[in-house]
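Quick note, the sequence shown lines up with residues -16 to -1, 1 to 269 if you use mature numbering (1 follows the signal peptide of the UniProt record, and there is no 0). Below is one structure, written out as structure tokens, with a few remarks after it.
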Amino acid sequence: MNKIILTICLIGFAVASNPVAIFHGFGDACANPGMKSFTKQIAAGVNGAYVKCVEIGNGAMSSVLMRFDKQVENACNSIKQDPNFQGKTINVLGLSQGGLIARGIIETCDFGGSVARLISIGGPQMGVATIPKCHKGIFCNILNGLVDDLVYTPLAQKTVGPAGYFRNPKHYNTYLKHSIFLPIVNNERQVNQTYKDRFVALEKVQLTMFSKDSVIDPKETAWFSFYGTDGKTVVGIEQQDVFTQDLFGLKTVYDAGKVEFITIDGDHLRFSTEDIQNIYIPALQ
Ligand SMILES: *[C@@H]1O[C@H](CO)[C@@H](O)[C@H](O)[C@H]1NC(C)=O
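Below, the structure written as structure tokens:
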């Protein structure tokens, strides 16, 4: 009898999940009904683990207009101030550009703990070749007005969030020199061994690509793939320089079999309740 109880207790401990920090996408906010419901569904599936949508600045407007490195810094400060995250082993889950915030947290956030799992859903991990589609709202004029190299001006880098992960495939050197975010976390300018050590310490990376994604360009950026120098042909993860040179540990993690590639049929972030149950909750446990 005691043995049975002990076994049950051990199983109980074994399935306890890490706290989960969730980061929303471009133009969204933790307080929006969609994010609230998503966060609730995740929380219901992870055995009472602490689950929190981490807001950046004031929400929607900050996700668009705050420079990207500052968004990560802001999110990092919230994690440091939260006793449920600070010093703990946590999981991070990001939707769309939140997937890139999540990677920024893994590599750059000194919160005294470590990140075990990265769940990136439609995340522009290798950047975007065009600024994400903007359908309505006051930001669209600003965003749509930014073309090509203009996006790398210090003003654009500092005032438009997604400019920090814009990458013109034909002008790699301009990106490398002037982008304030992506080349840093990719260790493309110089290698920060701490960033790499932290990424390599991940036990799981799950990457979801949407087959008809019309928001992030190319859709394959969600799988660490991107346009080649012709600006048209998509080059896979295994042929990316950041991968072959293992600049931030992606190859190490991939070779260890820790990267899971998921395809969901549909447009950007069009996953279902069943997908949350069958794909995301298991990845957090
Ligand atoms: C590397 O990153 C760590 C952690 O954020 C930081 O403390 C350190 O100063 C960085 N090193 C370099 C050379 O930038």
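Positions of the beta carbon are idealized from the N, C-alpha and C atoms, including for glycine. None of these values were measured; they are calculated from a predicted model.
- Its Cα nearest to that of Q224, the residue E204 stands out among E204, K242, G241.
- Counting along the chain, F232 sits inside no beta strand (DSSP E), nor does DSSP assign it H or E at all.
- Annotation for F210: M110, G111, A113, R151, P153, P202, E204, V218, V219, Q224 place their beta carbon closer than 8 Å to its own, counting only its chain and skipping 5 residues before and after.
- If you compare the alpha carbons of R182, P108, L160 with that of G96, the shortest gap goes to R182.
- Shortest gap from the CB of D181 to any heavy atom of ligand 1: 7 Å or more.
- E244: member of the beta strand (DSSP E) spanning 243 to 248, first to last residue.
- For N152, there is no enclosing beta strand (DSSP E), as DSSP marks it with neither H nor E.
- In this structure, DSSP gives I260 a helical state, which the three-state scheme calls helix.
- The DSSP-derived three-state label of K216 is coil.
- Secondary structure note for Q190: its beta strand (DSSP E) is the uninterrupted segment 188 to 194.
- When the five nearest sequence neighbours on each side are left out, the beta carbons in the same chain lying within less than 7 Å of the beta carbon of C37 are those of I6, H8, C14, M19, T23, in order along the chain.
- Around T236, the same chain offers V184, D230 as residues with beta carbons nearer than 7 Å, after the five sequence neighbours per side are excluded.
- For A185, the three-state secondary structure derived from DSSP is coil.
- Just measuring C-alpha positions, the residue of D239, L234, Y264, F232 sitting nearest I246 is Y264.
- Taking 8 Å as the cut-off, the Cβ atoms of G107 and G78 count as close.
- Assignment of T137 by DSSP, reduced to helix, strand and coil, places it in the coil class.
- Beyond the five residues adjoining it in sequence on each side, A147 comes within less than 6 Å, by CB distance, of V135, A140, Q141 in the same chain, given in chain order.
- For L84, the enclosing alpha helix (DSSP H) begins and ends at 81 to 92.
- Sequence-distant Cβ neighbours of F227 in its own chain, meaning closer than 8 Å and more than five residues away, are F208, I221, L234, K235, Y238.
- Pairing K188 with E244 gives a Cβ-Cβ distance under 8 Å.
- Comparing C-alpha distances from F255 to each of I164, R51, P3, S80 shows the shortest one belongs to S80.
- Apart from the 5 residues on each side of it in sequence, N68 sits with its Cβ closer than 8 Å to the Cβ of P3, Y34, K36 in its chain, given in chain order.
- Comparing alpha carbon positions, the residue from K72, I89, Q70 closest to N58 is I89.
- At the C-beta level, V99 and L186 come within 8 Å of one another.
- Contact between G250 and S195 is confirmed by a C-beta separation of about 7 Å, below the 8 Å threshold.
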